[in-house]
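With the UniProt record's numbering, letter number 225 in the sequence shown gets 225, and the count goes up by one each step, no holes. Just so you know, even glycine gets a beta-carbon here, dropped at the ideal spot from N, CA and C. Before any comments, here is the structure.
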Amino acid sequence: MEGRNVEAQDPNSTQKHRVVCCIGDLHGYVTKLQRLWTNLETLMGPSDFESALVIFLGDYCDRGPDTRKVIDFLISLPSKYPKQSHVFLCGNHDLAFGAFLGVLPRHPDGSPFSETWKEYEMNEEREGWYKGEGFENMHVQGRRWAGKITVRFNALKGTEYKGSIYDACPTFESYGVPHGSADLMKAVPDEHKKFLADLVWVHEEDNISIETEEGIKNCKLIAVHAGLEKDKEIQKQMESLKARDTRISKVEALSGRKNVWEIPQDNLLVGSSMRM
């Protein structure tokens with residue numbers, strides 16, 4: 001993470017700063033999530049933990065075996081910890097899951113989701129895009145997510161694909177249906193669909209205190225799944241992310257890699273791709 005000083009805190013101040021936790025890619029590993037949650041409470045102490053702002057940076061599904069249990073855990077937090085504040089950001093895997101279920105927000109101009117296919121249609125055969133029930137107006141990432149990739153080995157990661165380019169097979173199985181089955185649309189509970197539909201693409205917080213070599217400083221925090229592109233105006237990126245513009249085939253702030261590593265220097269930017 002990188003930051004710019006907004007206003008230095010008075011070093012003699014006794015004001016207690018609120019603890020902010022940013023938690024990245026859970027990817028269906030509920031046991032690791034439970035262990036992390038217990039460790040946070042132990043390390044922070046009851047008072048700080050109970051009043052903390054917890055920002056989940058997205059990618060709750062795929063790869064690991066327990067996507068359904070992970071989402072159940074997250075949904076339960078507001079009632080179990082009413083004094084905490086929780087923010088649930090959307091990751092590229094979550095957007096694709098939501099796209100398959102048909103819960104992505106529609107753009108006000110009425111653009112059909114099928115318009116998003118054009119940019120990546122040259123990959124359709126290799127990635128084995130989903131062609132089952134409801135595909136006709138499905139966002140491209142939903143079709144890629146539920147597809148059946150024709151190659152087994154992911155050379156970039158050195159692992160075998162789990163069903164699709166998104167490794168989505170374990171998510172299907174966590175809901176009791178085989179990979180690529182339209183039955184998932186009925187198997188996913190309504191509260192899980194609402195959770196995915198309500199995910200925000202970016203979150204801002206003012207006056208976040210961070211420790212630096214020069215002491216405690218206040219920054220404005222911008223949290224997003226992958227990061228912001230350095231060579232594009234921040235305000236325009238923020239407007240698009242806040243609007244959740246689903247006309248975009250691939251949202252770089254949610255899916256980007258090297259293009260979001262060199263993050264903008266303004267404020268304090270937190271994203272899963274920063275490998276904190």
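Reference residue i, options the options, closest by Cα
i           : options               : result
residue 206 : 219, 197, 194 and 195 : 219
residue 146 : 113, 181 and 157      : 181
residue 151 : 125, 132 and 135      : 125
residue 132 : 245, 107, 115 and 148 : 148
residue 231 : 245, 112 and 258      : 258
residue 210 : 202, 203 and 221      : 221
residue 203 : 187, 171, 240 and 68  : 240
residue 242 : 166, 158, 107 and 187 : 107
residue 20  : 81, 30, 53 and 48     : 53
residue 144 : 127, 172, 134 and 77  : 127
residue 112 : 130, 134, 122 and 216 : 134
residue 223 : 215, 188 and 208      : 208
residue 41  : 61, 30, 62 and 81     : 81
residue 130 : 97, 47, 217 and 48    : 97
Contacting residues, own chain, Cβ-Cβ under 8 Å from residue i (five flanking each side not counted)
i           : result
residue 195 : 71, 74, 75 and 88
residue 169 : 162, 163 and 179
residue 160 : 152, 153 and 154
residue 252 : 226, 229, 259 and 260
residue 59  : 24, 25, 26, 27, 91, 92, 93, 94, 225 and 272
residue 256 : 226, 227, 229 and 273
residue 36  : 23
residue 34  : 73
residue 187 : 175, 176 and 177
residue 167 : 62, 63 and 161
CB contact flag (residue i, residue j, <9 Å)
i           : j           : result
residue 197 : residue 139 : no
residue 95  : residue 199 : yes
residue 114 : residue 92  : no
residue 244 : residue 26  : no
Buried/exposed call for residue i, threshold 16 Cβ in 10 Å
i           : result
residue 57  : buried
residue 18  : exposed
residue 79  : exposed
residue 174 : buried
residue 109 : exposed
residue 142 : buried
residue 254 : buried
residue 184 : buried
residue 38  : exposed
residue 190 : exposed
residue 246 : buried
residue 116 : buried
residue 30  : buried
Residues near residue i by beta carbon distance below 6 Å, same chain, minus five either side
i           : result
residue 83  : 50 and 51
residue 165 : 127, 144 and 149
residue 77  : 86
Residues near residue i by beta carbon distance below 7 Å, same chain, minus five either side
i           : result
residue 120 : 140 and 249
residue 65  : 28, 170 and 174
residue 68  : 174 and 175
residue 238 : 202
Heavy atom of the ligand SAH within 8 Å of residue i beta-carbon
i           : result
residue 213 : Looking at this structure, you won't find the ligand SAH or any other ligand, since it has none at all.
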